[in-house]
Each structure stands twice: as structure tokens, then as C-alpha cells.
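Those protein sequence lines, which keep their order, are chains A and B.
Take the first sequence: its position 178, counted from the start at 1, is 178 in my numbering, and no numbers get skipped.
Take the second sequence: its position 89, counted from the start at 1, is 374 in my numbering, and no numbers get skipped.
Built from N, CA and C at the ideal position, the CB exists for glycine as well.
Since this is a predicted model, take the numbers as computed values, not measurements.
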Amino acid sequence: MSDQKDNQALEEYLKGNSFISRRYRKEAMAEPSPHLDAAIIAAAKKAAENKKTVSGPFTARWYIPLSLAAVVVISFSVVFKIYDRDGQQIFSDQAELKSKIPAAELDSAMGQDAGEASGMMRDKIRSKEAIEAETQSGSSSLPAMREDYSAPAPEQQKKNQNIEEIGVDIYKDELSGSRQAIQEPAAMPAPTESAVELSDEKLRKQKSDTAVVTGAAAGLVPEQWFEIINRLWFDGDEEGAYRGLKNFLADYPDYPLDELKKTLPQDLDLSAITGKLDKTTEGTE
Amino acid sequence: MADLTDEELMLAYRDGDAHAFEQLYSKHKGGVYRYLLRKCGNAAIVEELFQDVWMKLINARERYEVKAKFSTWLYQLAHNHFIDYYRKHSISASMSQNFQDDELENIPASSNHQPEQQVEFQQQTEILMHLINELPDEQREVFLLREEAGMGLAEIAEVTGVNIETAKSRLRYAVNRLRKGLMSDE
């Protein structure tokens, strides 16, 4: 009963016009002293003035976050530009070297001492998978070409001649490019002299094999055969020259020996061809 | 400017408008002053506390955001500063209610009454102020927040840091005591 009365009194009081409220509001209204008012208002004005003088374009709240965001964006764009430029340079180097040096040759040419460095270079230039794919496609296509080979028609022979010219040019480019890459490797330790000689020999052998096999497959005319054989001979690849001669004779078995003697180097022993060729061609075929 | 709310005035002052502060000050200075005076009772301490509260508000202006009513924030500052002051000076808060009656007599009286009425009114004022002074701290505080700041129970609960039911209970006890005290005196 008492609680209910108290609650009613509270509700009446909360309505805002109770006896207590009226009496409280009618009583003396204490106020802070005027000098206190003046001191507080002066302090507030001073603070507001400081706010006005301090405020400017570089004191705004958004200034620092905006500056940081701008720095981040500019930094990223600069780094991206640098990376992009270097990336293109590497890519163009890769394309250039790819046209000149098969990676497998580069590895063999550099020898054991420079093997590690060449591996690094190879990794940079092209992936191993790409090398293997290229090697496989090259080796698998050649036998097929050889099997399909038959005496070319005159028109076909002309086409072949063009192909052969291109092939010889590629051979030249590859040989010179490989040597250049071996002798002047960029940012790689210089290979030893013996390693260079060894790699030269291996490279010549590999090139002669390629040229001889390619020439046979493409159906070279005798003059082109002679040019290749002479080149191999004068490059010191005696073995390759004999192998080329054997392949030539396989294509042109009735070619007169006198003509051969006139065209081929004097030192090349035609009488010993049969015996020597039997030995060397076992491995290639 | 006259139509602006307290919160808008405070935002204007935050942005450097000193006139906005003057409006806020003139509107709330009496309530805050009396709130502290009734809680403390010592006019000298009250002046110090009152100035400190407004200086805190001035210094906090740049961080001000409208999260609650301005009056709630202002009285929260006053409430917290009052507690901090008494903690700092190692004075029991209960001592604040034991101020001398002559402090109350210094409060200026309204001049709208005849001499006889003024005497009677002065007596009633002394009784009411005595009764308010006799209230426990918590009950006196909720009563003062209601009378001086015009706060509802939710705001009172927010300022004093209690739930609404507690605030309501305290106010009910305070009103009951004052009502009984005034009725018995008449």
C-alpha cells in the first residue's frame, strides 16, 4: 500500500509540476559570480581563436590520411613501372637468346666448371619444360621427315632450296651466336680456356650433325652439300665432313668421283670414305 | 543561431565559433552551478569545481562528437569531476552533505515577494534545502539532475552510471522523503 503511494508520488513528480518542484524552483536561484563567467568565456574565446589561427589546408583532419594514401599510391606505381621495364628487358633478352642458343647446347658448351652458372642463366632465360618440349619436338620431327623423303619434283626442289638457304643461315647464326654467348656471357663467371675449347668441339660436332641430318632430310642439291662439307672441313670438323659426304653419296650414289675431288678439299681422303664412314655413322643412325 | 540545439551549438564551438559557446554557457551555467552547490555545499570549492568543469569542456571540444545529449555529457563531466575532486583531496563524499547552514543562507533570494512573504518563503527554502541536504548522496544526486538539468530517468542513469531501475528507485526514495518532510513541517 505504501509502495503504491510512493509510486504515485513519483509519477506525479515526474510529470514536472509537483509541489516539491514548484517550491524548489521558486527558491533562491544561485548563479556563478560574474568574474567567474568572464574568466570562463574569455578562456573559451581564446581557445576558439587558437582553433581559427591553427586551422588551414594542412591542419585539416583529412590531410594526414590523404598524404599517406598518396605516398602509397605513388610508391606502388613507381615500383610497378620499374618492375615492368625490367621485366620487358628480361623478356626481350630471352627472346633474343632463345633464337640463338638452345639451352641444352649452352649447358654442354659451358662445361663442368661453368655448369652451375649456365644453369642459373638458363633458369632466367627459359623454363626447363620449354627446353624439353622444344628438344622433343625437334627430335621427333626429323625421323618422320627422313622417312617421307623421296626425290623432289623441280618445283618442290626450288622450295627446298629456299628452305635450305634459310637452314644454312640459321646454322650460321646459331654457331656465331653460341660462340658469342660462350665467350661473352653477361654477368657470368668466365669459363676456363679448356672449357671453351671443349665446348667449341662439342658445339661443332652437334652443329655438323644437325646440318648434315637436316641437309639430308631437306634434299640438298650437290652444290649445297659441297658447301656444307667444305665448311665443316675447314672448321676442323673432319668427322662431320666425312659424315656429310656419306649422306651426300647416299643421296647421289652415282655422282662422279672426279667431280668430287675437284670440288671437295684436297686433304679429304675420298678413298678412305667407305671405311671411315662405316665407323662414324653407326652412332648417328 | 537561436534555433540551434545544444549539440549543434557545441559542434559550432568545436569549429571555432565562440558565440556558440556563450549561448551554451548562459543556458547551462545556473544548472551546473547549483548541481555542484547542492552536492558540495562549499561555495569556494564549488567555484573551483565549476570552472574546472567548463575548462574540461573547452579542452575537449576538438574531440566532441554527437553521441548523446549535450546536457548528459556536460553533467557527466560535472559528476565525474566532483568524484575525482573528493578522491584527490581524500575527503569523504559524505562530508559534502555536512556543509553549514550558513552556506545556504548566502544563496540570494528571489525579489518578487513582499517582506512577510519573503520571510515565509525564506523559511520554506531553508527547510527544503535542509531536507535536500539530509538526503543520501545518491538520492540527492538523482533529484538534482532531475531538477537542475531536467533529465529523464534514462539520462540520470547514464550520468550516474547505474541502470534505470536503480535510478528510479533512488528518485522515488528522494521524492518520498522530501514530500514527507515538507508536509510534516506545514
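With 16 other Cβ atoms within 10 Å as the buried cut-off, status of residue i
i	result
Asp267 (chain A)	exposed
Leu257 (chain A)	exposed
His304 (chain B)	exposed
Leu270 (chain A)	exposed
Asp84 (chain A)	exposed
Lys324 (chain B)	buried
Gly446 (chain B)	exposed
Ile74 (chain A)	exposed
Ile441 (chain B)	buried
Trp358 (chain B)	buried
Met414 (chain B)	buried
Met436 (chain B)	buried
Ala38 (chain A)	exposed
Pro32 (chain A)	buried
Ser381 (chain B)	Since pLDDT at Ser381 (chain B) reaches only 48, below the 50 mark, its modelled position is unreliable, and the value read off the structure follows with that caveat. It counts as buried.
Val351 (chain B)	exposed
Ser469 (chain B)	exposed
Ile289 (chain A)	Given a span of 1 to 285 for chain A in the structure shown, any question on residue 289 (chain A) remains unanswerable.
Interface flag, residue i vs chain A, CB-CB below 8 Å
i	result
Ala452 (chain B)	no
Arg314 (chain B)	It should be noted that the sequence gives Lys, not Arg, for residue 314 (chain B). Judged by the 8 Å Cβ criterion, Lys314 (chain B) is in contact with chain A.
Gly326 (chain B)	no
Asp302 (chain B)	yes
Ile343 (chain B)	yes
Val427 (chain B)	no
Leu467 (chain B)	yes
Asn448 (chain B)	no
Val460 (chain B)	yes
Leu456 (chain B)	yes
Gln361 (chain B)	no
Tyr349 (chain B)	no
Phe306 (chain B)	yes
Leu334 (chain B)	no
Gln409 (chain B)	yes
Leu296 (chain B)	no
Tyr320 (chain B)	no
Glu443 (chain B)	no
Glu432 (chain B)	yes
Ser381 (chain B)	Only weak support exists for where Ser381 (chain B) lies, its pLDDT of 48 falling under 50; the value from the coordinates is given anyway. It does not; no Cβ of chain A falls within 8 Å.
Leu289 (chain B)	no
Leu420 (chain B)	no
Backbone secondary structure at residue i - three-state DSSP
i	result
Lys354 (chain B)	coil
Pro222 (chain A)	helix
Pro65 (chain A)	helix
Asn418 (chain B)	helix
Ala345 (chain B)	coil
Tyr13 (chain A)	helix
Gly315 (chain B)	helix
Met436 (chain B)	coil
Val291 (chain B)	Going by the sequence as given, residue 291 (chain B) is Asp instead of Val. Asp291 (chain B): helix per DSSP, three-state reduction.
Pro253 (chain A)	coil
Ser33 (chain A)	coil
Asn448 (chain B)	coil
Gly301 (chain B)	coil
Ser271 (chain A)	coil
Leu430 (chain B)	helix
Leu359 (chain B)	helix
His374 (chain B)	coil
Leu350 (chain A)	Because chain A in this structure spans residues 1 to 285, residue 350 (chain A) falls outside the shown range and cannot be described.
Ser469 (chain B)	helix
Asp84 (chain A)	helix
Asp235 (chain A)	coil
Ser18 (chain A)	coil
Asn7 (chain A)	helix
Anticipated Cβ contact below 8 Å, residue i with residue j, distance rounded
i	j	result
Leu416 (chain B)	Arg455 (chain B)	About 15 Å; that fails the 8 Å criterion.
Tyr349 (chain B)	Met295 (chain B)	6 Å
Leu245 (chain A)	Ile229 (chain A)	6 Å
Ala40 (chain A)	Gln336 (chain B)	Checking the displayed sequence, the identity of residue 40 (chain A) turns out to be Ile instead of Ala. Yes, they are in contact, since the Cβ atoms of Ile40 (chain A) and Gln336 (chain B) sit about 6 Å apart, within 8 Å.
Ala30 (chain A)	Tyr318 (chain B)	6 Å
Cutoff 8 Å: residue i Cβ touching any chain B Cβ
i	result
Tyr13 (chain A)	yes
Ala69 (chain A)	no
Gln4 (chain A)	no
Leu10 (chain A)	yes
Listed by chain order, chain C residues near residue i by CB distance under 7 Å
i	result
Trp339 (chain B)	You won't find chain C in this structure, because its protein chains are A and B.
Inset, instruction - Identify each residue in the segment 35 to 47 of chain A for which the Cβ-Cβ distance to at least one residue of chain B is less than 8 Å, and report them in chain order. - result: Leu36, Asp37, Ala39, Ile40, Ile41, Ala43, Ala44, Lys45, Ala47
Inset, instruction - Using a Cβ-Cβ cut-off of less than 8 Å, list which residues of the segment 18 to 32 of chain A approach chain B; keep chain order. - result: Ser18, Phe19, Ile20, Ser21, Arg23, Tyr24, Arg25, Lys26, Glu27, Ala28, Met29, Ala30, Glu31, Pro32
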